[in-house]
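The structure under discussion appears below in the form of structure tokens.
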Amino acid sequence: MRHRQRLAANERGIAALEFVLMLPFMLMVMFGIIDVSLLLCDKAVITNAAGEAARQGVVLSVPRASVGQIQSVALSYMQNGLVTGGTATTPTVSVPSGQCPLSGSNNQLQVNITYTYQGLVLGSTLSALTGPVTITAVAVKYCE
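Its first residue numbered 1, the sequence shown is counted upward by one per residue in the UniProt record's numbering.
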């Protein structure tokens, strides 16, 4: 009986030691999953913003939407949707093809968005070691 009690007490100590040794790794995996999820959420936001901005630029209107108006549509879409850790970086929106022409052969509008993800937990630490994580989105639509 005494031998069993001593054995049970020893096993509790071993279980506590195993828990202490494994806890940092489990926390790193958990926070890594959270950071990757937030990164994918930001990717979805900038992809949708690029699509909305391109749509604004291709919709038939007189006068056509200017490059500044297309950029402001994308920036306003992303304003409250991006998840940032610490200091927020402003996304860069470019429209390399310019605004849609009223007529002609160049009938595509392209919107590019680049965003530097800072991360909340592990992302900010990894960014300090490996450099920033840059997310890009491109939307191309035909002019109406």
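Note that beta-carbon positions come from the ideal geometry of N, C-alpha and C, so glycine has one too. These numbers were taken from a predicted model, which means no experiment stands behind them.
Look at the alpha carbon of residue i and the alpha carbon of residue j, and state the distance between them as a whole number of angstroms.
i: S66; j: V95; result: 10 Å
i: Q69; j: L109; result: 14 Å
i: M78; j: Q99; result: 21 Å
i: P63; j: K43; result: 32 Å
i: L40; j: E11; result: 42 Å
i: Q71; j: V140; result: 14 Å
i: M22; j: S97; result: 53 Å
i: M26; j: N48; result: 33 Å
i: S37; j: F31; result: 10 Å
i: I33; j: S61; result: 44 Å
Of all Cβ atoms in chain C, is any one closer than 9 Å to the Cβ of residue i?
i: Q71; result: Reference to chain C is not applicable here, since this structure consists of a single protein chain.
Since I believe residue j is in contact with residue i (beta carbons under 8 Å), could you give me their beta-carbon distance rounded to a whole number of angstroms?
i: residue 151; j: A50; result: Outside the displayed range of the chain (1 to 144) lies residue 151, so it cannot be described from this structure.
i: V73; j: A53; result: 5 Å
Which one or two residues does DSSP pair with residue i in a beta bridge?
i: Q108; result: Y142
i: S94; result: N112
i: I33; result: According to DSSP, I33 bridges with nothing at all.
i: Y117; result: V133
Going by the beta-carbon positions, is the gap between residue i and residue j smaller than 9 Å?
i: C143; j: N107; result: yes
i: G131; j: D35; result: no
i: Y117; j: T92; result: no
i: G81; j: V45; result: yes
i: L75; j: T90; result: yes
Would you call the region 55-64 in contact with the region 12-23, where contact means no fewer than 3 C-beta pairs closer than 8 Å? no
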